[in-house]
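Visitor: Just dropping this structure here.
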Amino acid sequence: MHPTCNRILLLILFLQCTLISLAQTFISDMEQMKWEKVAPGIWKTTIGEMDLNPLDYSAPSKTQALTDLGDPAFPFNMEATLSQKTKERIVVRLPLGEQEKIYGLGLEFESINRRSNVYTLKVDHYGGVKGYTHAPVPFYISSEGYGVLINSAKRVKIHVGVGNRKDSHLPPYVDRTTGGSAWQARPTSDAVEASIQGEGLEVYVFSGASPLEVVQRYNLFCGGGVLPPKWGLGFWHRMHTQSSDEDVLQEIRDFEENNFPLSVIGLEPGWQSFAYPCSFDWDTTRFPDPKGFLNTMTDRGIKINLWENPYVAPTSTMYDPIKPYTGSHTVWLGEVPDYTIPEAREVLLDHHQKNHLDIGVSGYKFDEVDGYDQWLWPDHATFPSGYDAVEIRQLYGTIIQNTFTEHFRKQNQRTYGLVRSSYVGASNQSFVIYSDYYGHKGYVTALVNSSLAGILWTPEIRSANSSEEWVRRFQTVCFSPLMMLNAWSSGLKPWSFPEVTDIVRENIELRIRLMPYLYTAFHTYEQQGVPPFRAMVLEKGFESTTKKVGGTLDDVKNPYAEQALLEVTDQYMMGPSILVAPVFTGETERKVVLPAGNWYDFYSGALVGNGETITIQPTLDKIPLFVKDGALIPMLSTLDVEDTDQTLEVRYYGTKPGSFRLYNDDGNSFDYESGEFTITDLAVSVKKNKLKGTQKVSNDLGYGYKQVEWVWIGR
Numbered sequence: 000m001h002p003t004c005n006r007i008l009l010l011i012l013f014l015q016c017t018l019i020s021l022a023q024t025f026i027s028d029m030e031q032m033k034w035e036k037v038a039p040g041i042w043k044t045t046i047g048e049m050d051l052n053p054l055d056y057s058a059p060s061k062t063q064a065l066t067d068l069g070d071p072a073f074p075f076n077m078e079a080t081l082s083q084k085t086k087e088r089i090v091v092r093l094p095l096g097e098q099e100k101i102y103g104l105g106l107e108f109e110s111i112n113r114r115s116n117v118y119t120l121k122v123d124h125y126g127g128v129k130g131y132t133h134a135p136v137p138f139y140i141s142s143e144g145y146g147v148l149i150n151s152a153k154r155v156k157i158h159v160g161v162g163n164r165k166d167s168h169l170p171p172y173v174d175r176t177t178g179g180s181a182w183q184a185r186p187t188s189d190a191v192e193a194s195i196q197g198e199g200l201e202v203y204v205f206s207g208a209s210p211l212e213v214v215q216r217y218n219l220f221c222g223g224g225v226l227p228p229k230w231g232l233g234f235w236h237r238m239h240t241q242s243s244d245e246d247v248l249q250e251i252r253d254f255e256e257n258n259f260p261l262s263v264i265g266l267e268p269g270w271q272s273f274a275y276p277c278s279f280d281w282d283t284t285r286f287p288d289p290k291g292f293l294n295t296m297t298d299r300g301i302k303i304n305l306w307e308n309p310y311v312a313p314t315s316t317m318y319d320p321i322k323p324y325t326g327s328h329t330v331w332l333g334e335v336p337d338y339t340i341p342e343a344r345e346v347l348l349d350h351h352q353k354n355h356l357d358i359g360v361s362g363y364k365f366d367e368v369d370g371y372d373q374w375l376w377p378d379h380a381t382f383p384s385g386y387d388a389v390e391i392r393q394l395y396g397t398i399i400q401n402t403f404t405e406h407f408r409k410q411n412q413r414t415y416g417l418v419r420s421s422y423v424g425a426s427n428q429s430f431v432i433y434s435d436y437y438g439h440k441g442y443v444t445a446l447v448n449s450s451l452a453g454i455l456w457t458p459e460i461r462s463a464n465s466s467e468e469w470v471r472r473f474q475t476v477c478f479s480p481l482m483m484l485n486a487w488s489s490g491l492k493p494w495s496f497p498e499v500t501d502i503v504r505e506n507i508e509l510r511i512r513l514m515p516y517l518y519t520a521f522h523t524y525e526q527q528g529v530p531p532f533r534a535m536v537l538e539k540g541f542e543s544t545t546k547k548v549g550g551t552l553d554d555v556k557n558p559y560a561e562q563a564l565l566e567v568t569d570q571y572m573m574g575p576s577i578l579v580a581p582v583f584t585g586e587t588e589r590k591v592v593l594p595a596g597n598w599y600d601f602y603s604g605a606l607v608g609n610g611e612t613i614t615i616q617p618t619l620d621k622i623p624l625f626v627k628d629g630a631l632i633p634m635l636s637t638l639d640v641e642d643t644d645q646t647l648e649v650r651y652y653g654t655k656p657g658s659f660r661l662y663n664d665d666g667n668s669f670d671y672e673s674g675e676f677t678i679t680d681l682a683v684s685v686k687k688n689k690l691k692g693t694q695k696v697s698n699d700l701g702y703g704y705k706q707v708e709w710v711w712i713g714r
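Mind the numbering: the sequence shown is residues 0 to 714 in numbering that gives the first Met the number 0, read in order.
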């Protein structure tokens, strides 16, 4: 052999050995994680030491419900779980199959697929950076039936199948100049990698037989879901910010005259003597007699919800006692309380109890606990607890939720409120997230994503450019966790578009008549962790349809010819059996992807399909709803949600035998935890084309319906 060839061969061998050595080096600088089983189907590993643990602000786990789910095995190769602690960062690396789909990572308004993207999970207003959102929960779910929580109060940066280490199982190399469409700007990766700047974190793995079971297990580990008071599931109307007590009374009279149901009035910033920052004290010009006003509201059957942001104005009667527990920086020149300190929470609760709750206030809307950077305290701010400013910002909304949820619980009173940020372990908190964002399609996507993160979301309506948009937005709101018109700025009323007033009223009334079905779904959330509104990827028999968009080479808009993978985000499940398919302004038809099994139109009972994609032409007056074969849908015959003497209409769809465990309680207290509730087992069978329904009441403490009317829809 020619000497030159020998030298080339030796060089190749040297390079191969060097590469092997480098690969071994990169393998050895990460350590295998050591896992501890903490509950059936749940494992934990700890790396370093954590300063502030987000799970300290979640409710105790529902251990029996976790046991009832079974005890599945660890879902992937433990030896492929690696971690690394550097001078400034902690890094974890978890395996990822080539065909796995990844969902979750908190509230997002665009798509649900997280694969092949990088997210910086920061509590913030929704913005252009992936992961900057109101609830950037570092929990993801795999299509393979497991979930992972990166538990840290620091900002988690997560590469979801992006970035290949030298020891990865790389895909074949493709030269862009010759490989054509086979070349990838983001080659397939075999791992999820997450990191924080900090001294410690925890990683939890949740196993399950399906993505839904994984979500259940996560929710149950965090205390289960929330069961709202019944009034919380009624219609909410937020007043213009400058409204007075007389304005509120007139508003209630207007609702009565226009024959619209009303459960909650929300008072915006103007109820206070000072806002931005807040005094938390009543404005005596608009509300000269708060106690008398609240007594009148109680007599009228209306609950009052107060808007606040947490920053304390110098004029507040709460200012002096809270000041020792505040941070180095102000927000809108108001003090920023450090609510990780128990004494600070005591000052907050004492003021609110004496000035609000003792006279009849039912709950709160906590604003401005998310972002922007130019409004809130900087990352270098200091707080008297010694905790990092980044950690406090990540947890601020969650701590406030937990503080008030537990305070109401101690008084045996349920509440339901609104908040602008949330984080890990919030499923049991009595709050729903809202946003300044107002895109209708994004609202629905956010509703879908919230079910994957242990949070609730409201697609509130504020305004519209046409009567059609007014109806379509109202319909989505009526089929969400919190039904609300937020007119704090617009001053609009449900009847502000007269030509569609009847349609709006009918949709609100339909939501209220569905209270037995919906309230039972929330009870299932509280007891079993099943989200009452949930993404289609959590539904059994749903084949997740995806489509790739983009991919056209463009030297300005898409110079790398990248494609995005989109999932179904414009439909979702409500309760066990109803599929909701909202319609957006300008649409004369839309596609609906049906899971396996026969599905029926909610209104007519007509069979619409089985495991297929259908195209419908919706009318303006009805939001498209579809029901599973054999489903029972219990509905009120009146709008009085407390009246158990009314006839309960039980709708039956299809031909399969059906059953439903109807739950009911007093709708206000926590007495149900001591057995103060009623279960009614409803069942239907069909023989010789005739319907036979049965009703069995258990533990009847006065919450069971005396009369039942069975209705076979479509027959």
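Beta carbons are placed, not taken as given, at the ideal position from N, Cα and C, and that holds for glycine. Bear in mind the structure is a predicted one, so any value in this text is a computation, not a measurement.
L8 to N112, Cα distance in whole Å?
Guide: Along the sequence shown, read from residue 1 onward, the residue named residue 8 stands at position 9. Along the sequence shown, read from residue 1 onward, the residue named residue 112 stands at position 113. Because the pLDDT of L8 is 47, which lies under 50, any placement of that residue in the model is unreliable, and the number read from its coordinates should be weighed accordingly. Distance between the alpha carbons of L8 and N112: 46 Å.
Visitor: Of all the beta strand (DSSP E) runs that stay within the bounds of the segment 584-653, which reach a length of 3 or more residues?
Guide: The qualifying runs are 589-592, 597-600, 606-609, 612-615, 624-627, 631-635 and 646-651.
Visitor: Starting from the C-beta of I101, find all residues in its chain whose C-beta is less than 8 Å away, skip the five residues before and the five after it, and write them out in chain order.
Guide: Taking the sequence shown and counting its residues from 1, one reaches residue 101 at position 102. These residues qualify, in order along the chain: L95, N112, R113, R114, Y139, I140, S141, S142, V159, G160 and V191.
Visitor: Select from S262, E267, T325 and T284 the residue whose C-alpha is nearest the C-alpha of D298.
Guide: For this step, residue 298 is matched to residue 299 along the sequence shown. Residue S262 holds the alpha-carbon nearest to the alpha-carbon of D298 among S262, E267, T325 and T284.
Visitor: What is the DSSP secondary structure of E307, reduced to helix, strand or coil?
Guide: Residue 307 sits at position 308 when you count from the first residue of the sequence shown. Here E307 sits in strand by DSSP.
Visitor: Should Q15 go down as buried or exposed, given a rule of 16 or more other Cβ atoms within 10 Å for buried?
Guide: Sequence index remark: in the sequence shown, residue 15 carries index 16 (1-based). Low local confidence applies: a pLDDT of 46 at Q15 is under 50, so the model's placement there is unreliable, with the coordinate-based value given in what follows. Classification for Q15: exposed.
Visitor: I'd like to know whether the C-beta atoms of S434 and G396 end up nearer to each other than 8 Å.
Guide: Along the sequence shown, read from residue 1 onward, the residue named residue 434 stands at position 435. Along the sequence shown, read from residue 1 onward, the residue named residue 396 stands at position 397. No, Cβ-Cβ distance for S434 and G396 is not below 8 Å.
Visitor: DSSP three-state label for V225, please.
Guide: Numbered from 1 along the sequence shown, position 226 holds the residue referred to as residue 225. It is coil, neither helix nor strand.
Visitor: Please classify P59 as buried or exposed, where buried requires at least 16 neighbouring CB atoms within 10 angstroms.
Guide: On the sequence shown, position 60 is the one that residue 59 refers to. By the 10 Å Cβ count, P59 comes out exposed.
Visitor: Report all residues from its chain with a CB closer than 6 Å to the CB of I632; omit the five preceding and five following residues, and keep chain order.
Guide: Counted from its first residue, the sequence shown places residue 632 at position 633. For I632, where only same-chain residues beyond five positions count, the Cβ hits under 6 Å are Y516 and R650.
Visitor: A152 and G105 look like a contact to me (Cβ under 8 Å); what is the Cβ gap, rounded to whole Å?
Guide: The sequence position of residue 152 within the sequence shown is 153, counting from 1. The sequence position of residue 105 within the sequence shown is 106, counting from 1. At roughly 15 Å, the Cβ-Cβ gap does not stay under 8 Å, so A152 and G105 are not in contact.
Visitor: So, helix, strand or coil for P581, using DSSP?
Guide: Within the sequence shown, the letter at position 582 stands for residue 581. Residue state, collapsed to three classes: coil.
Visitor: Excluding the five sequence neighbours on either side, which residues of its own chain have a C-beta within less than 6 Å of the C-beta of F728, listed in chain order?
Guide: With the chain running from 0 to 714 in the structure shown, residue 728 is simply not present.
Visitor: I need the DSSP call for V443, collapsed to helix, strand or coil.
Guide: Taking the sequence shown and counting its residues from 1, one reaches residue 443 at position 444. Judged by DSSP in its simplified three-state form, V443 adopts helix.
Visitor: So is P383 in contact with chain D if we call contact Cβ pairs under 8 Å?
Guide: Of the chains in the structure shown, none is chain D; there is only one protein chain.
Visitor: Alpha carbon to alpha carbon, how far is N304 from K43?
Guide: Taking the sequence shown and counting its residues from 1, the one referred to as residue 304 is at position 305. Taking the sequence shown and counting its residues from 1, the one referred to as residue 43 is at position 44. The alpha-carbon atoms of N304 and K43 are separated by roughly 39 Å.
Visitor: At the level of alpha carbons, what is the spacing between K121 and V389?
Guide: Sequence index remark: in the sequence shown, residue 121 carries index 122 (1-based). Sequence index remark: in the sequence shown, residue 389 carries index 390 (1-based). Looking at the two C-alpha atoms, the distance is approximately 9 Å.
Visitor: Name, in chain order, the residues that DSSP records as bridge partners for M482.
Guide: As a working note, residue 482 is residue 483 in the sequence shown. Paired residues: F234.
Visitor: Would you grab the beta carbon distance between D486 and H328 for me? Rounded to a whole angstrom, and I think it's under 8 Å.
Guide: Translated into the one-based positions of the sequence shown, residue 486 becomes position 487. Translated into the one-based positions of the sequence shown, residue 328 becomes position 329. Before going on, a small fix: residue 486 reads as Ala here, not Asp. Contact doesn't hold; Cβ gap of about 33 Å is too wide.
Visitor: With a 10 Å radius around its C-beta and 16 neighbouring C-beta atoms as the bar for buried, classify W374 as buried or exposed.
Guide: For this step, residue 374 is matched to residue 375 along the sequence shown. Exposed.
Visitor: With DSSP as the reference, please indicate the residues paired to A190 in a beta bridge.
Guide: Numbered from 1 along the sequence shown, position 191 holds the residue referred to as residue 190. Note: A190 sits in a beta bridge opposite P94.
Visitor: Between H239, Q474 and G47, which has its C-alpha nearest K492's C-alpha?
Guide: Numbered from its first residue, the sequence shown carries residue 492 at position 493. Among H239, Q474 and G47, the Cα nearest to that of K492 belongs to H239.
Visitor: Between which two residues does the beta strand (DSSP E) holding V173 run?
Guide: Along the sequence shown, read from residue 1 onward, the residue named residue 173 stands at position 174. Secondary structure note for V173: it is in no beta strand (DSSP E), with a DSSP letter that is neither H nor E.
Visitor: Rounded to whole angstroms, what is the Cα-Cα separation between Y56 and S603?
Guide: On the sequence shown, residue 56 is found 57 positions in, with the first residue counted as 1. On the sequence shown, residue 603 is found 604 positions in, with the first residue counted as 1. In a straight line, the C-alpha of Y56 is about 46 Å away from that of S603.
Visitor: Note down the Cα distance separating M634 from P39, rounded to an integer number of angstroms.
Guide: Walking along the sequence shown from the start, residue 634 turns up at place 635. Walking along the sequence shown from the start, residue 39 turns up at place 40. The alpha-carbon atoms of M634 and P39 are separated by roughly 37 Å.
Visitor: In the DSSP assignment, what residue or residues form a beta bridge with A463?
Guide: If you number the sequence shown from 1, residue 463 lands on position 464. Per DSSP, none; premise fails for A463.
Visitor: Is D166 helix, strand or coil by DSSP?
Guide: Against the sequence shown, residue 166 aligns to sequence position 167. It is coil, neither helix nor strand.
Visitor: What does the Cβ neighbour count give for P74, buried or exposed, with the cut at 16 atoms within 10 Å?
Guide: Residue numbering aside, residue 74 sits at position 75 when the sequence shown is read from its first letter. Classification of P74: buried, given that the 10 Å Cβ count is 16 or more.
Visitor: Taking only runs of the beta strand (DSSP E) that begin and end inside the segment 44-128, which ones reach a length of at least 3 residues, in chain order?
Guide: Taking 3 residues as the minimum length, the beta strand (DSSP E) runs contained wholly in the segment 44-128 are 81-84, 88-94, 101-103 and 116-122, in order along the chain.
Visitor: Which two residues bound the contiguous beta strand (DSSP E) that contains G715?
Guide: Only positions 0 to 714 of the chain appear in this structure, which leaves residue 715 out of reach.
Visitor: Using DSSP with H/G/I as helix, E/B as strand and the rest coil, what is A682?
Guide: The count along the sequence shown starts at 1 and reaches residue 682 at position 683. If DSSP states are grouped into helix, strand and coil, A682 belongs with the strands.
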